[in-house]
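Using the numbering used here, the first residue of the sequence shown is number 362, and each one after it goes up by one.
Idealized CB from N, CA, C, for every residue including glycine.
For reference, the structure discussed in these notes is given below.
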Amino acid sequence: MMWVFLGVAVVAAIWAIGVFNNMATLRVRSKSAWADIDAQLKRRYDLIPNLVETVKGYASHEKGALESVVRLRGQTMTATSPAARGEAEAGLAQALKSVFALAEAYPDLKANQNFLGLQKSLEDIENDLQNARRFYNAVVRDYNTSLEVFPGRLVAGPFGFSAAEFFQAGEGEKAVPKVSFS
């Protein structure tokens, strides 16, 4: 009888260790995915001052749009949670769109190789960011699911696992863009 009890205890311990290790792995993967988003944002932040300087030479009287990009870049760098980061990123994305719209008003800027190179680099970074956000949300989905379903639910609470926050688009990114040819 003692051997049966000991056998059941060993099987339960092995099972709990497996479930714990799965949750811990997913939690680490979600942190790694968040770090990937940060790395892509750092690339974008490093590129923005070059873009602003290039545009300044052509559109010095468009100071407001350029100052807005710089201010919003600072806000996004200080945001810590996925929700705050998403909101700040939405504002920065809108401000960058306005800077690129300036190229339509300044044909010389539109043809400037530095500007075109920066614009292409930002486009590439935006695509990489989108992929990193998707990956992060997929890992968070898997992690949060493992916390909610049986048997993970039995292990999550006692070991202090808590749900991770999804990266969500800010309100500005959800709005339908307005296109005007006037």
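Give me, in chain order, the residues of the same chain whose beta-carbon lies closer than 6 Å to that of residue i; leave out the 5 immediate sequence neighbours on both sides.
| i | result |
| --- | --- |
| Ala440 | Arg446, Ala449 |
| Arg514 | none |
| Lys539 | Residue confidence is low: Lys539 scores 47 on pLDDT, short of 50, so the model does not pin down where it sits. No coordinate-derived value is stated. |
| Glu487 | none |
| Val380 | Pro512, Gly513, Val516 |
Determine, using beta carbons only, whether residue i and residue j come nearer to each other than 8 Å.
| i | j | result |
| --- | --- | --- |
| Arg388 | Tyr467 | no |
| Ala454 | Ser429 | no |
| Leu490 | Arg432 | no |
| Val460 | Ala493 | no |
| Tyr497 | Phe476 | no |
| Thr437 | Leu483 | no |
Go ahead and label residue i buried or exposed: buried means 16 or more other beta carbons lie within 10 angstroms of its beta carbon, across all protein chains shown.
| i | result |
| --- | --- |
| Trp395 | buried |
| Phe366 | exposed |
| Phe511 | exposed |
| Ala464 | buried |
| Val372 | exposed |
| Gly452 | buried |
Could you tell me how far apart the beta carbons of residue i and residue j are, in whole angstroms, since I believe they sit closer than 8 Å?
| i | j | result |
| --- | --- | --- |
| Ser391 | Ala525 | 5 Å |
| Ile409 | Arg434 | 5 Å |
Kindly list the residues whose CB is nearer than 8 Å to the CB of residue i, restricted to its own chain and excluding five residues on each side of it in sequence; keep chain order.
| i | result |
| --- | --- |
| Ala536 | Bear in mind that the predicted position of Ala536 carries a pLDDT of just 49, short of 50, making it too unreliable to give a figure here. |
| Phe520 | Phe381, Met384 |
To which residues of the same chain is residue i closer than 7 Å at the C-beta, ignoring the five residues directly before and after it?
| i | result |
| --- | --- |
| Asn411 | Leu479 |
| Ser543 | Its pLDDT being 36, under 50, Ser543 is placed unreliably in this model, and the value from its coordinates should be taken loosely. There are no such residues. |
| Val500 | Leu387, Arg390, Ser391, Ala394 |
| Val369 | none |
| Ser507 | Asn383, Met384, Leu387, Gly513 |
| Leu444 | Note that residue 444 is Ala in the sequence shown here, rather than Leu. Glu526, Gln529, listed in sequence order. |
Distance cutoff 8 Å, beta carbons only. Does residue i sit that close to anything in chain C?
| i | result |
| --- | --- |
| Met362 | No chain C appears in this structure, which consists of one protein chain only. |
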